[in-house]
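Participant: Structure in structure tokens, see below.
Residue numbers (the working numbering), protein chains in the order written: chain A, -1 to 113; chain B, 471 to 587.
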């Protein structure tokens, strides 16, 4: 069965420091992978997506993610964190038939940013 | 509209009452999804509508939950005889072109926070 694991429930980093949020997936075929961010009281905003091809992807707000098939991972990174990045981050895998899919989410990682 | 709109933003109800949650997708989007976000279960898929096809109801937790989508646009999620464990944020998403993978991105509304007393 498809699943997504985000091993870190919360992470605290200092403003300006680098960030890596971990995501591991389990999926039998080529995965469609996503990172979403949720600010308090807001819906989910797409940061970046992986469908096929390259392994390093650039998203919005300076985020990037690296897809490693051998490790079944899709970790999210940012070189320098801003205070406005404090939010909850969800990794998801798309699963379904006929190219139309439902998202299976990880449990999320809450990011706290120290001034 | 500019984005996915959900109403109400907050709903407080008594145990045993029925509730209806509304989702207005982005204009022109053919696919619509409902998810539930709760403390104990995280984000769970509930149901998926695509055009006139039969919906994928595989995520609905019980027969107290149902959803419909009228005219291929607005959707209503109905929970009958609400229970305290139904308390959660219910998120709706829509996507433009499920048959074109590169465009099959789900855009989420802000959600409806349901509290069952």
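Where a beta carbon is used, it is the ideal one built from N, C-alpha and C, also for glycine.
Return the CA-CA distance between residue 32(A) and residue 41(A), expressed in angstroms with no decimal places.
Facilitator: For the purposes of this step, residue 32(A) is taken as residue 34 along the first chain, with counting starting at 1. For the purposes of this step, residue 41(A) is taken as residue 43 along the first chain, with counting starting at 1. The alpha-carbon atoms of residue 32(A) and residue 41(A) are separated by roughly 15 angstroms.
Participant: Anything in the stretch 540 to 564 of chain B with a Cβ closer than 7 angstroms to a Cβ of chain A? List those residues in chain order, please.
Facilitator: Answer in chain order: 561.
Participant: At what residues does the beta strand (DSSP E) containing residue 92(A) begin and finish?
Facilitator: Translated into the one-based positions of the first chain, residue 92(A) becomes position 94. 85 to 93 is the span of the beta strand (DSSP E), which, as asked, contains residue 92(A).
Participant: Straight-line CA distance for residue 525(B) to residue 63(A)?
Facilitator: Mapped onto the second chain, residue 525(B) falls at position 55. Mapped onto the first chain, residue 63(A) falls at position 65. Answer to the nearest angstrom: the Cα atoms are 33 angstroms apart.
Participant: Tell me which residue opens and which closes the beta strand (DSSP E) that residue 587(B) is part of.
Facilitator: In the second chain, the residue the question calls residue 587(B) occupies position 117. Careful: residue 587(B) lies outside any beta strand (DSSP E) and carries neither H nor E.
Participant: For the beta strand (DSSP E) containing residue 504(B), list its first residue and its last residue.
Facilitator: Locating residue 504(B) in the second chain gives position 34, where the first residue counts as 1. Where residue 504(B) is concerned, the enclosing beta strand (DSSP E) stretches over 501 to 508.
Participant: Rounded to whole angstroms, what's the CA-CA distance from residue 100(A) to residue 473(B)? Just pull it up for me.
Facilitator: On the first chain, residue 100(A) is found 102 positions in, with the first residue counted as 1. On the second chain, residue 473(B) is found 3 positions in, with the first residue counted as 1. Their Cα atoms are separated by approximately 19 angstroms.
Participant: So what does DSSP say about residue 512(B), is it helix, strand or coil?
Facilitator: Here residue 512(B) refers to the residue found at position 42 when the second chain is read from its first residue. Residue state, collapsed to three classes: strand.
Participant: Going along the chain, which residues of the stretch 31 to 45 of chain A sit with their C-beta nearer than 9 angstroms to a C-beta in chain B?
Facilitator: From the stretch 31 to 45 of chain A, only 32, 34, 36, 39, 40, 41, 42, 43 and 44 have a Cβ closer than 9 angstroms to chain B.
Participant: If you draw a straight line from the C-alpha of residue 4(A) to the C-alpha of residue 582(B), how long is it?
Facilitator: If you number the first chain from 1, residue 4(A) lands on position 6. If you number the second chain from 1, residue 582(B) lands on position 112. The alpha-carbon atoms of residue 4(A) and residue 582(B) are separated by roughly 25 angstroms.
Participant: Pull out every residue of the stretch 496 to 515 of chain B whose Cβ sits closer than 7 angstroms to any Cβ of chain A, in chain order.
Facilitator: Against chain A - using a Cβ distance shorter than 7 angstroms - the residues of the stretch 496 to 515 of chain B are 501, 503, 512, 513 and 515.
Participant: Ends of the beta strand (DSSP E) at residue 490(B)?
Facilitator: Position 20 of the second chain, counting from 1, holds the residue named residue 490(B). Taken as a continuous stretch (DSSP letters only), the beta strand (DSSP E) holding residue 490(B) covers 489 to 494.
Participant: Kindly indicate the opening and closing residues of the beta strand (DSSP E) around residue 472(B).
Facilitator: Your numbering for residue 472(B) matches position 2 in the second chain. Unbroken run through residue 472(B): none, as it is neither H nor E.
Participant: Give me the Cα-Cα distance between residue 575(B) and residue 566(B), rounded to the nearest whole angstrom.
Facilitator: As a working mapping, residue 575(B) is identified with position 105 in the second chain. As a working mapping, residue 566(B) is identified with position 96 in the second chain. So the two alpha carbons sit approximately 7 angstroms from each other.
Participant: Compute the beta-carbon to beta-carbon distance between residue 558(B) and residue 584(B), rounded to the nearest angstrom, for a pair I have assumed lies under 8 angstroms.
Facilitator: Within the second chain, residue 558(B) is the residue found at index 88, counting from 1. Within the second chain, residue 584(B) is the residue found at index 114, counting from 1. Indeed they touch by this definition, with Cβ atoms about 6 angstroms apart.
Participant: So, is the C-beta of residue 88(A) closer than 8 angstroms to a C-beta in chain B?
Facilitator: The residue you call residue 88(A) lines up with position 90 of the first chain. Yes, its Cβ sits closer than 8 angstroms to a Cβ of chain B.
Participant: Which term fits residue 76(A), buried or exposed, when burial requires 16 or more other beta carbons within 10 angstroms of its beta carbon?
Facilitator: Taking the first chain and counting its residues from 1, the one referred to as residue 76(A) is at position 78. By the neighbour-count rule (16 or more Cβ atoms within 10 Å), residue 76(A) is buried.
Participant: Spatial neighbours of residue 560(B) within its chain, please: CB distance less than 7 angstroms, with the 5 preceding and 5 following residues excluded, ordered by chain position.
Facilitator: Within the second chain, numbered from 1, the residue matching residue 560(B) stands at position 90. Result list for residue 560(B): 491, 504, 506, 547, 581, 582 and 584, in chain order.
Participant: Is any beta-carbon of chain B found at less than 8 angstroms from that of residue 101(A)?
Facilitator: On the first chain, residue 101(A) is found 103 positions in, with the first residue counted as 1. Taking Cβ atoms only, chain B reaches closer than 8 angstroms to residue 101(A), which makes this a yes.
Participant: Could you tell me the distance, in whole angstroms, from the CA atom of residue 107(A) to the CA atom of residue 17(A)?
Facilitator: Stepping through the first chain from its first residue, residue 107(A) is reached at position 109. Stepping through the first chain from its first residue, residue 17(A) is reached at position 19. Straight-line Cα distance between these residues: approximately 12 angstroms.
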